[in-house]
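Chemist:
2 protein chains.
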Amino acid sequence: MNKTSETQQDTKERILDAAEYLFAREGYRGTSLRSITSRAKVNLAAVNYHFGTKKNLVEDVIKRRILPLNAIRNEKIDQVISAAEGKGKRPDIKAVMAAFIEPTLLFRESGPGAEHFFTFIGRSFTDPDNTVRQVFLKYIMPLFNKLLETASDALPNHPQDILFWRLHFTLGALFHTLHVCSNVKNEFQGMTDKMDGNKIINLILPYVTAGMKAK
Amino acid sequence: MNKTSETQQDTKERILDAAEYLFAREGYRGTSLRSITSRAKVNLAAVNYHFGTKKNLVEDVIKRRILPLNAIRNEKIDQVISAAEGKGKRPDIKAVMAAFIEPTLLFRESGPGAEHFFTFIGRSFTDPDNTVRQVFLKYIMPLFNKLLETASDALPNHPQDILFWRLHFTLGALFHTLHVCSNVKNEFQGMTDKMDGNKIINLILPYVTAGMKAK
DNA sequence: GTCTATACGATGATAGAC
DNA sequence: GTCTATCATCGTATAGAC
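Quick note, the sequences are listed as chains C and A, same order.
Position one of the first sequence corresponds to residue -18 (the working numbering), numbered consecutively onward.
Position one of the second sequence corresponds to residue -18 (the working numbering), numbered consecutively onward.
1) Leaving aside the five residues before and after N24 (chain C) along the sequence, list all residues of the same chain whose C-beta is less than 8 angstroms from its C-beta, in chain order.
2) CB E90 (chain A) to CB G178 (chain A), shorter than 8 angstroms?
3) Comparing the C-beta of P187 (chain C) with each C-beta of chain A, is any distance below 8 angstroms?
4) Put D(-9) (chain A) into one of helix, strand or coil per three-state DSSP.
5) On a CA-only basis, which of C:K194, C:E(-6), C:I43 and C:L186 is nearest T112 (chain C)? Give me that one, please.
6) On the DSSP letters alone, give me the boundaries of the alpha helix (DSSP H) that F88 (chain C) sits inside.
7) Which residues mark the beginning and the end of the alpha helix (DSSP H) in which V23 (chain C) is found?
8) Excluding the 5 residues flanking A76 (chain A) on each side, which residues of the same chain have their C-beta closer than 7 angstroms to its C-beta?
9) Check this for me: beta carbons of F145 (chain A) and L124 (chain A), under 8 angstroms apart or not?
10) Once you ignore the five residues that flank R(-5) (chain C) on each side, which residues in its own chain have a CB closer than 8 angstroms to its CB?
11) For G11 (chain A) versus T107 (chain C), is the C-beta spacing smaller than 8 angstroms?
12) Grab me the residues of A27 (chain A)'s own chain with a C-beta within less than 7 angstroms of its C-beta, minus the 5 sequence neighbours each way, in chain order.
13) Given this structure, state the Cα-to-Cα distance separating Y188 (chain C) from M193 (chain A), to the nearest angstrom.
14) Using a beta-carbon distance cut-off of less than 8 angstroms, what residues from the stretch -14 to 12 of chain C approach chain A?
15) Which residues in chain A have a C-beta closer than 7 angstroms to the C-beta of G103 (chain C)? List them in chain order.
16) Are there three or more Cβ pairs, one per stretch, closer than 8 angstroms when the stretch 153 to 164 of chain A is compared with the stretch 142 to 160 of chain C?
17) Rounded to whole angstroms, what is the Cα-Cα separation between H139 (chain C) and S133 (chain C)?
18) Quick one: list the residues of chain A neighbouring H139 (chain C), beta-carbon separation under 7 angstroms, in chain order.
19) With a cut-off of 8 angstroms, does the C-beta of I143 (chain C) fall near any C-beta of chain A?
20) Of all Cβ atoms in chain C, is any one closer than 8 angstroms to the Cβ of R147 (chain A)?
21) May I ask you to report which of helix, strand or coil DSSP gives K194 (chain C)?
22) Measure the C-alpha to C-alpha separation of D142 (chain A) and L184 (chain C) and round it to an integer number of angstroms.
23) Of the residues C:M122, C:G67, C:A80 and C:S13, which one's Cα is nearest the Cα of K57 (chain C)?
24) Can you pull the chain A residues whose beta carbon is under 8 angstroms from the beta carbon of H160 (chain C), in chain order?
25) Would you grab the beta carbon distance between G94 (chain A) and E1 (chain A) for me? Rounded to a whole angstrom, and I think it's under 8 angstroms.
26) Could you pull out every residue in the same chain whose Cβ sits closer than 6 angstroms to the Cβ of S(-14) (chain A), ignoring the five residues on either side in sequence?
27) Output the distance between the C-alpha atoms of R46 (chain C) and T151 (chain C), rounded to the nearest integer angstrom.
28) Quick one: what's got a C-beta closer than 8 angstroms to D41 (chain A)'s C-beta in the same chain, skipping five residues either side?
29) Closest to K180 (chain A) by CA distance: which of A:I82, A:G153 and A:Q115 is it?
30) Who are the Cβ neighbours of N(-17) (chain C) in its own chain at under 7 angstroms, not counting the five residues just before and after it?
31) Straight-line CA distance for G69 (chain C) to P137 (chain C)?
32) Residues in the same chain with beta-carbon distance under 7 angstroms from R15 (chain C), minus the five sequence neighbours each way, listed in chain order, please.
33) C162 (chain A): which of A:R147, A:H149, A:L148 and A:I182 sits nearest, CA to CA?
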């Protein structure tokens, strides 16, 4: 790899890192391209060169994390389905939920910047700007539908439209947690400073599993 | 009431209505005072006269709805506690959850503009601007603590720090729902156009009750 | 191909004249 | 209270240096 492409890679990554951090901290609209390039120590026009528009930039910020994460979550769900088929039984609903929630919460600690990504993603559903929500939905919808199908298979006596909503409640609880762990801890007494992924998994998994199964 | 005070009252209410609508639609930071006064058809300086600052304005927007709502929710919780005491039993956890959730979801349909308020509130926890979250926390914290105490009384075998988190998951599910019902319905297949309060109550209550009770 | 310097049109904040 | 002139900053675009 020559000097030029190293520099290029570095520039593009630095822009993505800075954008991710600032989108998490200030929101999509609240972040100017100038603040991004200033933080990344690159020229303003580099954004236009590498990404074209702000919308393309935020899509690449989201894609960079969510594509590998979705690959893991998909694989886990497939494992749960296969394991059940192997035993000739229905998938276990707790395992189905875990296949979605565990990779999400562990990915959060997978490297520098990943935490910022989840602060950002935890707000995506409620972002005042349609851009963020639409990009995020584009990448989460196939997974949501697969999850709904598998949950429906695990709980055959529950109507799918009820499971649809319960899966939404689960998303809400998870996203709220993702966001709140990073940002509201000082404002709530009783919220400890360091909530590691496994601790949160052990807290949320019984809750959402019981919720999905409720009569 | 003379003409002057009527007009004044009208001006103040119109500003609150416009601010509520725009905060819901565009977010706190994304809403300029100009867009508020323009929508309310009042002069820009009227905001300064009636509210002083943008922060005071948003606090009044929140107070106008949340004070009567909290009064109802508090009353309902007290009723659940009294009813249990009268029978010499512990409060029923489903009734405790209902005391919080039912007034919230029904209030959403209580009048014009209330829906906008909940779109706004559904984003309050994740708003990039601390102002909104802090004002909201100021009015929700006492209720949250009372709810935690009552839930802890209803489920004496569950450690309170676990119930603390489960209550957070419940908040997350509820806020997500409040927001999503108004805004994401067209982007999710399977989400019907009109979700009335009672329908959502019947969907969410079994879910969160089972989640709170989970072993 | 990569990156920089600079400019454009639009929008909103600010403050002073009336 | 209202209007307006001025200024800052936004996303985007382009010409040219290396």
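Backbone N, C-alpha and C define an ideal beta-carbon position, used for all residues, glycine too.
The structure presented is a predicted model; accordingly, all values stated were derived computationally and were not measured.
Modeler: The relevant details are as follows:
1) T18
2) yes
3) yes
4) If DSSP states are grouped into helix, strand and coil, D(-9) (chain A) belongs with the helices.
5) C:I43
6) I74 to F88
7) Run containing V23 (chain C): none; DSSP gives neither H nor E here.
8) V61
9) It is not a contact, given that the beta carbons lie outside the stated cut-off.
10) A21, K22 and V23
11) no
12) T(-8), I(-4) and T18
13) 7 angstroms
14) Those would be R6, E7, G8, R10 and G11, in chain order.
15) T107
16) yes
17) 7 angstroms
18) The contacting residues do not exist; H139 (chain C) stays about 11 angstroms from chain A at best.
19) yes
20) yes
21) helix
22) 10 angstroms
23) C:A80
24) Here the neighbours are F106 and T107.
25) Rounded to the nearest angstrom, the Cβ distance from G94 (chain A) to E1 (chain A) is 6 angstroms, consistent with a contact under 8 angstroms.
26) Confidence at S(-14) (chain A) is low in this model, with a pLDDT of 46, below 50, so the placement of that residue should be treated as unreliable; the coordinate-derived value is given next. Excluding positions up to five away in sequence, the list is empty.
27) 21 angstroms
28) L(-3) and F32
29) A:I82
30) With a pLDDT of 34 at N(-17) (chain C), under the threshold of 50, the predicted position of this residue should be treated as unreliable, though the coordinate-derived value follows. There are no such residues.
31) Those two C-alpha atoms are separated by around 15 angstroms.
32) L25
33) A:I182
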